[in-house]
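When the letters of the sequence shown are read in order and numbered with my numbering, they come out as residues 10 to 245.
Glycine residues also receive a C-beta, built at the ideal position from the N, C-alpha and C atoms.
Remember, it's a predicted structure, so these values are computed and weren't measured experimentally.
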Amino acid sequence: MAGTRVVVVCVRHGETNFNREKRLQGQLDTELSELGKKQAARTASYLAAQHKATGFDNAVSSDLRRAFETATCIAKACNLGTVNKEPRLRELHAGVLQGVSIADSRRDAAKRQIVEGFKNDADYVIPEGESRRVLYERASAALEQVVLETASRPADAASAPNSRRVLLVAHGGVLNVLYSFVNQLDLNSDHAPHSGNCSIGTISALVTDGAVLSWEISSWGQDHHLHSDATESDVL
């Protein structure tokens, strides 16, 4: 079937101090830790080597600093221009749980009840925050718009005429719901595999006549580039 194949390279942001301290960040605007900056740099080098033949046609990121800093590092290594900020790719708003340690959320009875409600019901709204369903709806809408916008761009000289690539940098919760969206999983019964800091996943979308006809995930949560001497022959 004729159309444009859009490959979305999805990256979770690098580590933050809150990640290291096991605190719930939500939409708190935390920065990368020193390790997070190193993770972003290694991911940038890896993706630049992996995609040097084709490059990227577009780059988009959550507007929270930890994601945008990661995206900017990768974009620089890949000779990309502007990274577009997309607020709909922000992490779940965790409301009263933001800044709370995971240990405290388990010790405190009221907080534990909130966590259980959130885990067991995709429509449960965290007090002063949002539900997993709301996150799913805004993040999937952002993904679809990014794919359609990327498909409409002129082909780069290095790219195949009917192929585009876009870098997308976001958060663990966002990547979880995007995985569920592409695989059409029930938010209340199926759970996406964990995406660690600076892990990489790949989504492929077929676009025809201004609409996405199909979605596919070819890899998810890969982080071998952070732990080994990854080479350009490694497959994402």
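- Around the Cβ of Ile111, a 10 Å sphere holds fewer than 16 other Cβ atoms; the residue is exposed.
- Under the DSSP definition of a beta bridge, Glu225 partners with Ser213.
- Taking each of Gly45, Leu101, Asp117 in turn and checking the Cα distance to Ile83, the smallest one comes out for Gly45.
- By the Cβ rule, the region 223-238 does not count as touching the region 65-76, because fewer than three pairs are nearer than 8 Å.
- In the DSSP assignment, the residues bridged to Cys19 are Leu177, Gly210.
- DSSP places Gln193 in the coil class of the three-state scheme, outside both helix and strand.
- As far as DSSP is concerned, Ser54 takes part in no beta bridge.
- Rounded to whole angstroms, the Cβ separation of Ala131 and Asn197 is 5 Å, and the two are in contact under 8 Å.
- Pairing Gly108 with Arg173, the inter-Cα distance amounts to about 38 Å.
- For the 8 Å CB-CB criterion, Val17 and Ile209 do not form a contact.
- Residue environment for Leu98: buried (at least 16 other C-beta atoms within 10 angstroms of its C-beta).
- Counted as a single uninterrupted DSSP element, the alpha helix (DSSP H) harbouring Ala118 occupies residues 118-129.
- Of the other Cβ atoms in all chains shown, fewer than 16 fall within 10 Å of the Cβ of Thr91; this residue is therefore exposed.
- Judged by beta-carbon spacing, Leu235 lies beyond the 8 Å limit of Ser204, meaning their Cβ atoms are not closer than that value.
- In the DSSP annotation of this structure, the continuous segment of the alpha helix (DSSP H) that includes Val143 starts and ends at 141-160.
- Within the DSSP secondary-structure output, Ser70 pairs in a beta bridge with Lys94, Val178.
- Sorting Arg162, Glu153, Arg75, Val105 by C-alpha distance to the C-alpha of Val20 places Arg75 at the top.
- Across the set Arg147, Glu153, Leu101, Thr63, the C-alpha of Thr63 shows the shortest separation from the C-alpha of Asn88.
- Here the alpha carbons of Phe190 and Tyr145 stand approximately 7 Å from one another.
- For Leu235, the enclosing alpha helix (DSSP H) has its first and last residue at 233-236.
- Beyond the five residues adjoining it in sequence on each side, Arg147 comes within less than 7 Å, by CB distance, of Arg97 in the same chain, given in chain order.
- Membership of Asn26 in the alpha helix (DSSP H) is indicated by the continuous run 26-30.
- In this model, Leu222 and Asn171 are separated by some 15 Å (Cα to Cα).
- Counting only residues of its own chain and dropping the five nearest sequence neighbours on each side, Thr217 has a CB closer than 8 Å to the CB of Met10, Ala11, Gly12, Thr13.
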